[in-house]
Structure formats: structure tokens, C-alpha cells
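Here the structure is laid out as C-alpha cells; the discussion comes afterwards.
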Amino acid sequence: MEPVSDQGRNWIASFTAIIVAMMAIQMSSLGFSPLLPAIQKDFGISYSQIGLFTGLYGLVAMAVSVPAGLLAKRVGEKPALTGGLLGVALGLLLLSQASTYEWALGARAVWLIGYRVAFVCVMTSIALVAPPDFRSTAMGILGAMSSLASVIGAPFGTIIAEPYGWRGGIIGFAGMALLGAALFWFGYKPMARSGGQTVLHGHAPSAPSRSAFRTPVVWSMVLLGLINMGGFSATFFVPSAVKTTFHLSPLESAYVISASYVVAIFANLLFGYLCDKFNRWDMMIGLAVLLVPSCFAMMTPNLLVFRVATALVISLGLCATNQIFALAADVVGRSEIGPVMGVVGLGGGLFGYVGPQVLGMLRDRTGGFTAGWYFVAIGVILSLIEIVFLRHYMRSRK
0 MEPVSDQGRN WIASFTAIIV AMMAIQMSSL GFSPLLPAIQ KDFGISYSQI
50 GLFTGLYGLV AMAVSVPAGL LAKRVGEKPA LTGGLLGVAL GLLLLSQAST
100 YEWALGARAV WLIGYRVAFV CVMTSIALVA PPDFRSTAMG ILGAMSSLAS
150 VIGAPFGTII AEPYGWRGGI IGFAGMALLG AALFWFGYKP MARSGGQTVL
200 HGHAPSAPSR SAFRTPVVWS MVLLGLINMG GFSATFFVPS AVKTTFHLSP
250 LESAYVISAS YVVAIFANLL FGYLCDKFNR WDMMIGLAVL LVPSCFAMMT
300 PNLLVFRVAT ALVISLGLCA TNQIFALAAD VVGRSEIGPV MGVVGLGGGL
350 FGYVGPQVLG MLRDRTGGFT AGWYFVAIGV ILSLIEIVFL RHYMRSRK
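Heads up: the sequence shown begins at 0 in numbering that gives the first Met the number 0, then just goes up one per residue.
Pasting the structure below:
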């Protein structure tokens with residue numbers, strides 16, 4: 000019985016270390032959004048430029064996701080993820096010292112390169128350590144703790160920024176990234192290697208698998224990134240919408256975002272459990288159906304309805320994103336987990352850029368956010384069509 004006990008301890012230790020790493024990168028990734036109005040004022044930039052600043056995430060993700068997956072396969076997920084966390088800290092420190100918009104944009108790029116490497120390696124690590132029948136639940140727990148990090152991150156940065164300015168808040172986020180890197184490095188148990196394949200604490204090595212790059216269904220899943228385009232865009236533009244539509248302070252907008260991520264904590268836990276218990280594709284269809292009216296409700300002038308709609312758009316979008324990675328892990332064998340996570344991550348990158356960029360452009364041209372919310376709602380509808388198609392395809396393959 001002792002080997003089983005050791006395996007259980009190793010699994011729990013590694014899983015906990017992954018959670019810590021995810022929280023370290025998410026605190027700044029989404030938690031800095033309440034600081035955006037101050038950053039915009041400091042550099043004197045337009046909403047379109049803010050859209051580029053936030054949407055740069057998508058451009059970097061498109062360029063880095065696949066290399067990050069290959070890096071995890073070649074050097075191992077532990078050193079790759081730790082290096083990503085250090086890159087996040089470096090980029091944040093550079094941003095805190097930026098004197099021009101161009102400098103800030105370059106620092107944001109460094110930050111996001113580190114973030115994307117770390118994110119892909121987090122998903123790779125979870126897929127490797129989690130037992131297959133627990134994978135959706137594990138992803139749900141990861142999503143819940145990621146949401147908790149955003150709940151903590153939004154007021155964390157805002158509270159530091161009140162006496163020290165937005166630059167002080169950014170430095171605070173850099174310190175958390177460094178702490179996360181140290182805790183992950185000492186807590187994560189790396190994979191053992193057997194015959195060129197990865198084996199974790201008693202899991203048998205998988206059969207030789209087909210390359211993720213040669214699997215059409217993997218590439219088709221890139222389009223599923225549409226489903227969280229609204230949630231990602233809302234996170235960065237809700238502070239501006241709250242200020243212009245409801246005339247509330249940055250701290251109030253931080254509470255709106257934090258409340259949304261509180262909802263996401265419980266939504267991720269519940270949805271992950273249900274995806275393991277029932278058909279994952281059917282659950283994704285139901286989630287997309289709920290997201291469509293939620294996106295349209297973002298246009299309301301009623302503050303309470305706006306709060307509820309924001310919570311649904313953000314929380315359900317995060318649930319969907321985590322479960323897309325769980326679905327992707329079933330498509331190929333264990334030796335291709337890193338590459339498949341990188342390919343699927345392209346979707347989040349592509350639409351993480353398109354969403355904020357188009358929303359910012361529409362805000363500048365129309366003077367409001369209505370057209371932008373229409374745009375993201377259409378994106379969810381397209382993702383719903385894609386999910387129905389993929390479900391039919393997977394059933395036909397079986």
C-alpha cells in the first residue's frame with residue numbers, strides 16, 4: 000500500500016504546485032484591468048490603443064502557444080513553466096518603469112510571452128498529472144483557483160495603486176509572480192521518462208500517439224476560442240463601461256470584476272464535475288446557449304442587470320476555456336499533450352486579440368459599447384455551431 004500512498008502524495012503535491020503557478024500568473028493577467036483607466040490617462044492614449052495594449056495578449060499567444068507546447072515537450076514542463084513565471088515578473092517590472100506608450104507596449108509583450116509559456120505549461124501539467132476520469136474536475140478546480148486569483152488580484156492592485164499609483168500596483172504583481180515561481184519549482188514533481196514517453200507516479204505510459212499537428216480535429220478546435228472572446232473583452236472594458244455608463248469609481252469597477260470571478264469559482268467547480276459525470280460536448284452546448292443572452296444583456300442601462308450579465312459572461316467563458324483543454328487532452332496520446340495544448344491555445348490567442356481590439360475600435364467609432372457586445376454575442380453563436388459540429392464528428396468517429 001505504501002507505493003499507492005507515495006503516488007497520492009506526489010499527485011497532490013504536483014497539483015497544488017500547478018495551482019499556485021496558475022494563481023501567480025492570473026493575479027496580474029486579469030487583476031490589473033482596474034488600473035487601465037489610470038494607465039490610459041497617464042499615457043494619454045485612445046480606446047483603440049487600449050484595445051491594442053490589452054489585445055496584444057492575442058498576438059503574443061498566437062506566436063508563442065505552439066512553441067510553448069513544443070518547449071514543454073522538449074525540456075520538460077517544470078523548467079518551462081518556471082521560466083515563464085520569471086518572464087512575467089520581468090515584463091511587469093519593465094512596465095512599471097515605462098515612460099512612453101511604446102515602452103509600455105514592449106514591456107507588455109515581454110510580460111505576455113512569459114505568461115503564455117506558463118499558461119500552456121500549466122495546462123500541459125494538469126493534463127499529465129490528472130487521472131483521465133478526473134481531468135474535467137481537475138480543470139474545473141484549476142479554473143476556480145484561477146478565478147480566485149483574479150478576485151484577489153483586482154483589489155490587490157487597486158489598493159496598492161491608491162497610495163503608490165498604478166506603477167506600484169504593477170510592481171506588487173511582479174512580486175507575486177516571483178513568489179509563484181519559487182513555490183512551483185520546489186513543489187512540483189517532474190515527470191519520469193520511460194522509452195521516450197512520460198510516466199507520472201504509477202500511470203502507465205500511453206501508446207504511441209499521432210502528432211497533434213497531423214490531427215485535423217485538433218486544429219478545428221482552435222475556433223472554440225470564440226466562446227470566451229466576450230469574457231476576455233469584458234474583463235478589460237468593464238472598468239471603462241462602468242465609468243462612462245454608470246459613473247462609478249475604479250474601485251467600484253474592481254468590485255464588479257471581482258464579483259464575476261467569485262461566481263466563476265463556483266461555476267468552474269460545478270461545471271468541471273458535471274463534465275466528468277455527463278457528456279462533455281453536451282455540457283459545452285448548454286453553456287454556450289446560456290452565454291448568448293448573457294452577452295446581449297451587457298447592453299443594459301440597469302446596473303444590477305449589468306453586474307449579473309458581466310458575472311455570467313466572464314464565469315461561463317472561463318468554464319468553457321478550461322474544458323476545451325480537457326477535451327483536447329483526449330484527442331491524442333500523452334506524449335503529444337504539450338503540442339496539443341499549444342495548438343488549442345492558438346484559439347484563445349487569436350480571439351483574445353480580436354475581441355479587445357474590435358471592441359476598442361467600435362467604442363471609438365460609435366461612442367458606446369453596444370456594437371461591441373453585439374460582436375462578441377455573434378462570436379458565441381459561431382462557437383455554438385462549431386461545438387455541435389464537433390460533437391457530431393466525435394460521435395461518428397466512435
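All residues carry an ideal CB built from backbone N, CA and C; glycine is no exception.
- Note that the segment 123–139 does not touch the segment 41–57; fewer than 3 beta-carbon pairs, one per stretch, sit closer than 8 Å.
- Taking 8 Å as the upper bound for CB-CB distance, L177 and G346 are not in contact here, some 30 Å apart.
- Your pair G57 and L85 does not check out as a contact, with CB atoms roughly 23 Å apart and the cut at 8 Å.
- Look at A308 here: in three-state DSSP terms it is helix.
- Cβ atoms of L104 and F31 stay farther apart than 8 Å, at about 15 Å.
- The residues L34, A37, I38, in chain order, have a CB closer than 6 Å to that of W165 in the same chain once the five nearest residues on each side in sequence are set aside.
- Going by DSSP, D132 is part of no alpha helix (DSSP H) at all; its letter is neither H nor E.
- Closest by C-alpha distance to L273, out of A71, L286, M220, is L286.
- In this structure the segment 74–85 does not lie against the segment 352–371, because fewer than three pairs of beta carbons, one per stretch, are closer than 8 Å.
- In this model, I170 and D275 are separated by some 39 Å (Cα to Cα).
- For Q39, the uninterrupted alpha helix (DSSP H) run begins and ends at 35–42, by DSSP.
- Annotation: the segment 61–118 contains the following complete segments of the alpha helix (DSSP H) (minimum length 4 residues), in chain order: 76–95.
- Looking at the backbone, the Cα of A160 and that of I384 are separated by about 43 Å.
- Per DSSP, S293 is one residue of the alpha helix (DSSP H) stretching across 279–296.
- Rounded to whole angstroms, V343 and L225 show a C-alpha spacing of 12 Å.
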